[in-house]
Amino acid sequence: MAMGDEGTRGEEALDGRLRTIVAELRTLEIDATAEHRPSSTIDPPPRHPSMVDALLADLESSVGSRFSVERTLGEGGMGVVHLARQVSLGRRVAIKTLRDEIQGTGPIQKVLQEAWITGFLEHPNIVPVYDIARGDDGRPVIVLKRIEGDPFDRLLEDPERVRRAHRPDDVFEWSLRVVIQVCQALAHAHRNGIVHRDVKAENVMVGAHGEVYLLDWGIAVATRDDGTGRFPLAREATSVAGTPCYMAPEMLGGEKPRLGPWTDVYLVGAMLFEVCTGQVPHQGKTLVEIIQSVLKSPPAIPRGAEVPDELAAIIRRAMDPDPEARFENAEQVRLALEGFLRHRGSRQLAERADEAAVAMNAALTEDPDAAELAFAEARFGYRAALELWSENDEARVRLRETTEAMVVAALDREDPETAARLAAAAEGLDPALRLRVTAARDAAAKKRRELAALADDLDEDRGRRTRAFLALILCVVWVAVPLISTHYVSEAGQARNLFGFSFAMVVVTGGLLAWARESMTATRINRTLSLGLLGTLTTQLVLTLIAWHADLPGALIRSLWMVLYMVSALWASAAVSYALLPAALGYGVAAAVSALYPHLISLCMAGANIVLMVNLLAANRALSIVRDGVERVRQRRSGEPPG
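In terms of the numbering used here, the sequence shown opens at residue 17 and continues consecutively.
Take a look at the structure:
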């Protein structure tokens, strides 16, 4: 019940306030119950009309001789604006005078006050006042800069005209930037203690070059008294004043005026309401209905109007019925709008990045190169969005998700380096995914080390000179010994001598291999050859011992050696290189010939050993040539400079 009583008392208070306002409007000869043009301004008479004669006395006369009027540009409630040429400078200017039928000191004072305030507030977004003088009829003439352009309200009604005249990429953003420039003019006025009180799209002019001017300072008031008496004071503005369809509640008058910069903040919010919805905020068939809407501020944004939440919040705050809940001044509104445009631009960049991210996801499995290009585009877009607005959490999340998708794809195709590069440049990446990238990179590094070690182990070039040197020494010995033995070793002691020779070869070869162990154990081919050579000579030693005890002839023993050498050469061909097959063939032929012609055994063995020596040296050189050729081909294909 108590809540119902409170609501009833609120309605009664509202009705009482409305009756008071209607009564005051009657004193201004305004019928609040009749149909009313919502955009017309209620302009109460000045409070001190007696000052007019003194103020006019300070003005120069003889305007007619200095200006040549050409035509009428427009007419308002009290004034008329003419296009004229300033004779002294030869430039066109605008001259504002009172309409002929407007009489009395009140209108004269209003015109003068508007001129003084406009001239006082020199600013790029306020029309410059060139001069004030008296016309031939003794009434004031205001000389202003001529503006070629369109009223903002007409441009809001005709977006195509905006596109033709100003060619914006985005008409909506262009309109908001017009409002931002209006805020700049108001912020300057507020810093100088002036409140406009009639901010609306109709009072904003957009020049041909995009310049924005806030016009019609006719009902502006000062929050500070400068002592000249030229400016009407806000503390004395107790009457209803302003344009009803935009009015703030405190503009409805009262014994204790509450006008201030916050009043213009409300009006900027009302203009934003119109920019966003295409409608004035306070509507009604009669002035009473419009005033009721003002008292019930803020108006609801119409359904169907696509107003971004952030901008709607700015409008609601600017049009809050409580002045203390609004933005402090127009500068704060400007900053809020600049922030919204940054955020909007950031969101638009993120939306375009979303399209690239979709293309990236579609190409991840089928076309990694296309996915990489799409990801680069998406990442650039998200980063640009965040640079424009660092608190765009949606862009940050989507950048992280897109990067994570690319990282996972790189890991799936076993490309940990790309995954690590992407992860290193990403912020907020899933820690588990980072660990996975680290593990994959470590595994890849380990595999590379293993492959490098294997490549080193299989490098046929390492120890090539050592192999050639050892082969040359051993082959010279093997060639020389059979030839020498033909003349100095008798058949009777050949088995024993052959055993001694075999033993000596094992010792000498083992010593040479021990001396060259660093090179001969460095690679698989060297180890294989070393082990094969030492194994062959050891087998030869054992075979000779057996043959000696079996009392086999020396020629047969050496024939068996060549069979052993043939088998070893075949094994080396299979294990190392088929280039050693000629040596195996040589030993096979020599073994067969020596078996048929025992007296030729020494020559056969020497000849086979010569074949082995030539074969080893040629094969060693051939392996190097092939390796160098393969390396040159690889360098040409990869574009690397030759080593």
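Don't be surprised by glycine CBs; every beta carbon is placed ideally from N, CA and C.
According to DSSP, Pro167 shares a beta bridge with Met221. Under DSSP, the beta-bridge partners assigned to Arg101 are Ser84 and Arg108. In the DSSP annotation of this structure, the continuous segment of the beta strand (DSSP E) that includes Tyr146 starts and ends at Val145 to Arg150. Of the residues assessed, Gly154 falls on the exposed side of the cut-off, its CB having fewer than 16 other CB atoms within 10 angstroms. By the neighbour-count criterion, in which a residue is buried when 16 or more other Cβ atoms sit within 10 angstroms of its Cβ, Tyr398 is buried. Here Gly258 is bridged, per DSSP, to Ile58.
Residue state for Pro614 is assigned as helix, using DSSP reduced to three classes. Here Ala400 has Leu365 as same chain residues with Cβ atoms under 7 Å from its own Cβ, once five neighbours each way along the sequence are excluded.
Looking from the CA of Pro265, the closest CA among Ile235, Ser309, Gly223 and Phe247 belongs to Ser309. Within the DSSP secondary-structure output, Glu91 pairs in a beta bridge with Val96. From the listed residues Ala328, Ala460 and Thr539, the smallest Cα separation to Thr482 is found for Thr539.
For Ile158, the pairing in a beta bridge is given by DSSP as Lys112 and Ile148. Of all alpha-carbon atoms in Ala448, Val323, Ala205 and Leu311, the one lying nearest the alpha-carbon of His139 is that of Ala205.
In this structure Ala352 is not in contact with Ile331, their Cβ atoms being roughly 10 Å apart against a cut-off of 8 Å.
Ranked by Cα distance from Ala441, the first of Ala459, Thr239 and Met422 is Met422. Under the DSSP assignment, Val228 falls in the beta strand (DSSP E) whose first and last residues are Val228 to Leu230. When DSSP reads this structure, Val281 sits in no beta bridge, so it has no partner. By the Cβ criterion, the segment 117-132 is in contact with the segment 153-168, since at least three pairs of Cβ atoms, one from each stretch, lie closer than 8 Å. The segment 249-262 makes no contact with the segment 312-332: fewer than 3 CB pairs, one atom from each, lie closer than 8 Å. In the displayed model, Ile330 falls within a helix according to three-state DSSP. In this structure Gly165 touches Gly223 by the C-beta definition: roughly 4 Å separates them, less than 8 Å.
Of all alpha-carbon atoms in Ala379, Glu403 and Arg342, the one lying nearest the alpha-carbon of Ser362 is that of Glu403.
The closest CA to that of Ala379, considering only Ala181, Ala426 and Glu354, is found on Ala426. If you draw a 10 Å sphere on the C-beta of Ser84, you find fewer than 16 other C-beta atoms in it, and that means exposed. In this structure, the beta-carbon distance from Ala373 to Ala394 falls below 8 Å. In the same chain as Thr239, and ignoring 5 residues on each side of it, the C-beta atoms closer than 7 Å to its own belong to Gly209, Val211, Ala250 and Gly276, in chain order. Ala436 is not a Cβ neighbour of Leu445, given a cutoff of 8 Å. Look at Ile541 here: in three-state DSSP terms it is helix.
Comparing alpha-carbon positions, the option among Thr302, Asp385, Ile196 and Glu86 lying closest to Val103 turns out to be Glu86. Sixteen is the threshold: since fewer than 16 other Cβ atoms of the shown chains lie within 10 Å of the Cβ of Tyr613, the residue is exposed.
Contact between Ala532 and Ser575 fails: their C-beta atoms lie close to 31 Å from each other, not under 8 Å.
Nearest to Arg101 by alpha-carbon distance, out of Gly92, Asp567, Thr88 and Gln510, is Thr88. When the Cα atoms are used, Val424 and Val194 turn out to be separated by approximately 47 Å. Looking at the DSSP output, Ile573 bridges to nothing. For Lys312, no alpha helix (DSSP H) run applies, since DSSP gives it neither H nor E. Burial check for Val215: the Cβ neighbour count within 10 Å reaches 16 or more, so the residue is buried.
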